[in-house]
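Peer 1: Take this structure first; my questions come after.
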Amino acid sequence: MWWRVLLLVPLLVLVTPLYNSDEPRVLGFPLFYWVQFLFIPLGVICVAVVYLKAGDRR
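The numbering of the sequence shown is the working numbering, which starts it at 83 and goes up by one.
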């Protein structure tokens, strides 16, 4: 049941003060945008792992 904790990872995107800065820039984009884009696949992976581990429990 430890894998259910992975559902908390996508919620980290809501804590914007952690990464709300202009520097460093990557390819001209501020850190804020890079973190937003990185959380999309990370959130998908976390939710997929929980979905596959949970299975059909009806």
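Glycine included, each C-beta is placed from N, C-alpha and C at the ideal position.
Considering just the uninterrupted stretch of the alpha helix (DSSP H) at residue 123, what are its terminal residues?
Peer 2: 113-136
Peer 1: So what does residue 108 bridge to, in DSSP terms?
Peer 2: 111
Peer 1: So residue 92 packs on residue 129, CB below 8 Å; how close in whole Å?
Peer 2: About 7 Å separates the two Cβ atoms, so the contact holds.
Peer 1: Please report the distance separating the alpha-carbon of residue 111 from that of residue 102.
Peer 2: 13 Å
Peer 1: Is the beta carbon of residue 113 closer than 8 Å to that of residue 106?
Peer 2: yes
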